[in-house]
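Chains U and D supply the protein sequences, listed in that same order.
Sequential numbering of the first sequence, starting at 6, is according to the numbering used here.
Sequential numbering of the second sequence, starting at 16, is according to the numbering used here.
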Amino acid sequence: MTVTTPNGFNLDSSGRRVVVDPVTRIEGHLRIEVNVDENNIIRNAVSTGTIWRGLELILKGRDPRDAWAFTQRICGVCTGTHALTSVRAVENALAIDIPDNANSIRNIMQLCLYVHDHIVHFYHLHALDWVDVVSALQADPKATSELAQSISPWPMSSPGYYRDLQTRLKKFVESGQLGPFKNGYWGHPAYKLPPEANLMAVAHYLEALDFQKDLVKIHAIYGGKNPHPNWLVGGVPCAINLDGTGAVGAVNMERLNMVSSIIDRAIAFTEQVYIPDLVAIASFYKGWLHGGGLSSKNLMSYGDIPDRANDYTESSLLLPRGAIINGKLSEIHPVDLEDPEQIQEFVSHSWYKYADEDKGLHPWDGVTDPNYVHGPNLVGTRTDIKAVDEGAKYSWLKAPRWRGHAMEVGPLARYVIGYMQGNAEFKEPVDKLLSALDVPIDALFSTLGRTAARGLECQWAAEKMRYFQDKLMANLKAGDLNTANVGKWEPGTWGKDVKGVGFTEAPRGALGHWVHIKDTKIANYQCVVPTTWNGSPRDKDGNIGAFEASLLDTPMHDPSQPLEILRTIHSFDPCLACSTHVMSPDGETTVVTVR
Amino acid sequence: MNTERQIDVAPEEDEDFDVLVLGIGNLLWADEGFGIRVVEEMHRRYRFPDRVRLMDGGTQGLYLVQYVRAAARMLVFDAIDYGDPAGTLKLVRDNEVPRFMGVKKMSLHQTGFQEVISAAELLGWEPAAMALVGVQAEELDDWGGPLRDGTRARIDPAIDMGLAVLAEWGIVPTPRTEPPAHGLLRHDLDMTAFDAGRPQPIGSI
């Protein structure tokens with residue numbers, strides 16, 4: 006029996022149920038259940054976050070100036086983004102302005118995280134959905150070199166380079182220790198690249214792994230340490246002394262130059278390696294345009310990267326802000342995180358309880374009260390689930406909605422909104438990519454579209470790092486060395502009962518922190534994170550979330566090797582550590598244990 | 016708390032060491048924080064030579080590759096599920112380390128540290144020595160909770176085990192006569208403040 010959801014998707018749960026748990030190569034724990042028809046096409050999809058959360062359960066009563074350090078620990082990936090969002094929320098609550106230099110440095114750190122995260126995602130988490138590592142062993146090094154040189158001037162491309170690499174890879178694979186490559190369905194017919202393209206991609210996998218160490222130096226320099234850089238309510242925790250020498254104390258000219266040279270290399274790597282690889286890989290998958298889901302209907306971005314310090318309005322934000330609903334792409338709605346009618350979280354299908362579950366709660370009024378119950382159609386038991394009952398509660402993720410709509414967030418949302426606003430920074434690269442691949446604009450609304458938007462955004466972010474580094478240098482040379490406003494550091498200067506909201510665009514989408522500070526301590530703290538938007542369960546009206554929508558109508562070659570599901574879910578760069586404790590650590594209850 | 020405490024941080028030379036002492040885990044999940052707490056306490060008690068880096072690796076996964084690669088010798092502290100009685104401490108070495116961290120259910124992290132080690136090896140890393148001191152955790156299912164008493168009581172023996180390994184590697188730290196100006200963890204994430212500031216816990220799920 007087919008049911009049509011209010012947001013326009015047809016669901017049929019009569020076919021065979023396939024369970025993927027856990028979905029691998031993501032941060033956190035996610036379970037996906039689908040029903041496939043007799044042709045193995047996905048007709049129903051259910052996304053279950055298997056971890057619960059609630060930051061207020063840790064932060065209540067603590068010093069708001071330290072909240073960033075705690076939020077940094079909820080996840081191993083977007084540490085910096087949570088910290089930035091947290092300091093913005095507290096500054097908003099306490100009406101603290103930050104100096105221009107602090108704004109430039111924060112932007113550089115956030116953009117650096119984009120470049121880092123997107124590169125790591127593409128090469129180390131997602132590429133293995135498209136690239137068959139074992140096939141690379143069959144490649145001809147000379148032909149690989151010719152391929153590489155035909156698409157990019159990147160110097161590391163000689164036949165000898167690829168031959169050496171292939172020998173190393175062979176040794177590694179023969180040792181039986183596949184390491185990072187062990188989670189692959191090697192030889193699956195959904196892999197379409199010739200061996201040479203596979204070998205080239207593996208080479209760049211290793212180069213990217215090597216290059217990321219340079220990128221994190223930027224965080225070490227401006228954040229004072231790494232891993233877990235420092236942040237500061239009121240600015241940035243690094244003093245600057247242009248004449249200083251040596252390593253101890255302030256950021257000096259030598260270190261500023263180091264940042265500058267790393268930025269140059271980030272630009273070169275994205276232009277000459279990432280983007281050409283993206284185009285080369287995508288050109289073999291033009292016939293696989295599944296996975297669009299909500300992306301052509303409902304999209305949202307909070308915007309980020311303020312050009313002017315303390316100005317978080319649309320005109321200052323270099324990443325676009327707005328919402329698209331019901332497929333009306335040309336109509337961009339304004340988004341207000343403080344309006345109690347706009348962003349609300351629902352729990353009718355989530356393992357939490359509210360006094361009235363027909364209503365959503367704005368994050369300032371958010372409640373995290375666990376309620377682990379299942380519906381009558383549960384297959385299995387509470388601790389050994391064979392199949393969840395999606396008609397009842399089935400996820401540790403709440404269901405966030407914007408004016409009642411399930412939304413997709415992330416690089417593709419940002420790019421579509423920027424494109425529809427006619428912003429050349431987003432429109433031109435998209436048009437160029439589409440024409441290089443000779444595909445229509447509709448091709449954007451797909452798994453591959455998400456992956457492509459992330460690549461374009463990486464290039465954009467690398468170039469914007471240059472812009473803010475230049476801006477910072479000009480300001481420093483003009484004599485402004487201020488990096489922190491400590492005028493309201495002391496709690497005696499704060500209001501007795503204040504609320505604030507901070508937002509960023511995390512690499513994987515819109516992120517908001519809502520804080521309530523009472524008598525100088527945290528009274529409530531709620532995060533609505535990107536993967537809660539994308540991985541959302543159904544709501545009371547039956548609207549499905551972005552992951553669920555994206556899987557529908559996708560044909561699977563072999564449901565026991567769910568490469569197609571992994572591909573599409575990975576294209577969101579999901580990160581569930583913060584969106585959601587291990588309920589059942591390894592999901593041994595599954596039909597499919599993913600490799 | 017004062018501002019100085021927050022803004023006086025010196026940029027560190029990021030990879031200027033050849034012995035890495037690494038605590039990994041998530042300190043927000045009770046005994047999952049064991050590895051980090053051991054390294055925090057080692058740092059509080061001892062001053063190490065410059066060639067040794069004590070690091071709170073958190074759950075940083077692949078982002079730790081460059082630090083692993085920079086080390087000729089690496090000592091890791093972690094909470095491990097060996098299926099032993101809670102509080103059991105185990106020392107494993109060299110080739111045994113990845114195996115113990117990678118087998119199903121053995122690593123409690125979401126990003127496998129075994130992958131970090133193999134990624135480093137794929138990039139040419141050939142460590143002279145590796146060791147892992149792991150504790151069998153008692154309680155992980157407590158969001159924002161402290162180390163359990165039994166696990167906390169293993170910090171001292173774990174430090175002793177680690178120091179014995181370091182001594183084999185020629186590293187002998189100097190006991191501090193007074194605590195360091197800055198702890199390894201700050202901003203109320205240090206063990207004392209973290210435990211003292213915990214809000215009233217909610218009931219079990």
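Each residue gets a CB set at the ideal place from its N, CA and C atoms; glycine is no exception.
With a cut-off of 8 Å on Cβ pairs, the segment 46 to 61 of chain D is in contact with the segment 199 to 207 of chain D, counting three or more such pairs. Put simply, the backbone Cα of aspartate 105 of chain U is about 25 Å away from that of asparagine 428 of chain U. By alpha-carbon distance to asparagine 480 of chain U, the top candidate from U:Ile245, U:Thr386, U:Asp563 is U:Ile245. Secondary structure note for methionine 114 of chain U: its alpha helix (DSSP H) is the uninterrupted segment 105 to 125.
The beta carbons of proline 214 of chain D and glycine 66 of chain U sit closer together than 9 Å. Inter-residue distance for leucine 130 of chain U and proline 496 of chain U is about 43 Å (C-alpha atoms, whole angstroms). Between valine 80 of chain D and the set D:Gly73, D:Ala134, D:Ala146, D:Asp46, the nearest pair of CA atoms involves D:Ala134.
In the DSSP assignment, arginine 22 of chain U falls within the beta strand (DSSP E) that extends over 21 to 25.
When C-alpha distances from leucine 214 of chain U are compared across D:Ala94, D:Gly212, D:Ile132, the shortest belongs to D:Ile132. Apart from sequence neighbours up to five positions away, the residues of its chain that approach leucine 174 of chain U with a beta-carbon distance below 7 Å are Ala141, Leu142, Val207, ordered along the chain.
Distance between valine 503 of chain U and glycine 365 of chain U, taken at the CA atoms: about 22 Å.
Among the residues of chain U, those whose CB is under 7 Å from the CB of histidine 202 of chain D are Asp71, Ala74, following chain order.
Residues of chain U with a Cβ closer than 8 Å to the Cβ of aspartate 33 of chain D do not exist; the shortest Cβ-Cβ separation is about 16 Å.
For histidine 129 of chain U, the residues of chain D that pass the 7 Å Cβ criterion are Leu77, in the order they occur in the chain. Among the residues of the segment 114 to 142 of chain U, those with a Cβ less than 7 Å away from any Cβ of chain D are Val125, His129, in the order of the chain. Apart from the 5 residues on each side of it in sequence, arginine 21 of chain U sits with its Cβ closer than 8 Å to the Cβ of Asn40, Val41, Pro564 in its chain, given in chain order.
Residues of chain D whose Cβ lies closer than 9 Å to the Cβ of isoleucine 79 of chain U are, in chain order, Asn41, Leu43. Here the alpha carbons of glutamate 395 of chain U and threonine 537 of chain U stand approximately 17 Å from one another. Taking a cut-off of 8 Å on C-beta distances, the segment 445 to 461 of chain U does not touch the segment 336 to 349 of chain U, as fewer than three cross pairs fall below it. Proximity to arginine 326 of chain U across U:Asn315, U:Asp316, U:Ala314, U:Asp309 peaks at U:Asp309, based on C-alpha coordinates.
As for any beta strand (DSSP E) of minimum length 3 sitting wholly inside the segment 292 to 317 of chain U, the runs are 304 to 306, 309 to 311, ordered along the chain.
A check of alpha carbon separations from glycine 72 of chain D across D:Leu90, D:Phe63, D:Gly98 identifies D:Leu90 as the nearest.
For glycine 507 of chain U, the uninterrupted beta strand (DSSP E) run begins and ends at 502 to 511, by DSSP.
Annotated as distal: histidine 575 of chain U and aspartate 137 of chain U, with beta-carbon spacing of 9 Å or more.
For the 9 Å CB-CB criterion, methionine 425 of chain U and alanine 551 of chain U do not form a contact. DSSP links tryptophan 407 of chain U through a beta bridge to U:Ile348, U:His410. Between isoleucine 79 of chain U and leucine 60 of chain U, the C-beta spacing is below 9 Å. Counting along the chain, alanine 328 of chain U sits inside the beta strand (DSSP E) bounded by residues 327 to 329. The beta carbons of leucine 104 of chain D and glycine 149 of chain D sit closer together than 9 Å.
Under the three-state reduction of DSSP output, glutamine 426 of chain U falls in the coil class, being neither helix nor strand.
Cα atoms of threonine 207 of chain D and arginine 59 of chain D: separation of roughly 12 Å, rounded to the nearest angstrom.
With 16 or more other Cβ atoms from the protein chains shown falling within 10 Å of its own Cβ, glutamine 151 of chain D counts as buried. The beta carbon of glutamate 319 of chain U sits closer than 7 Å to the beta carbons of Gly308, Arg326 from its chain, once the five residues preceding and following it are set aside; these are given in chain order. Taking the CA atoms as reference points, asparagine 45 of chain U sits about 28 Å from phenylalanine 127 of chain U. Listed along chain D, the residues sitting closer than 9 Å to proline 232 of chain U by beta-carbon distance are Met70, Asp71, Gly72, Gly73, Gln75, Tyr78, Leu79, Tyr82. Interface residue (Cβ-Cβ distance to chain U less than 9 Å): leucine 162 of chain D is not classified as such.
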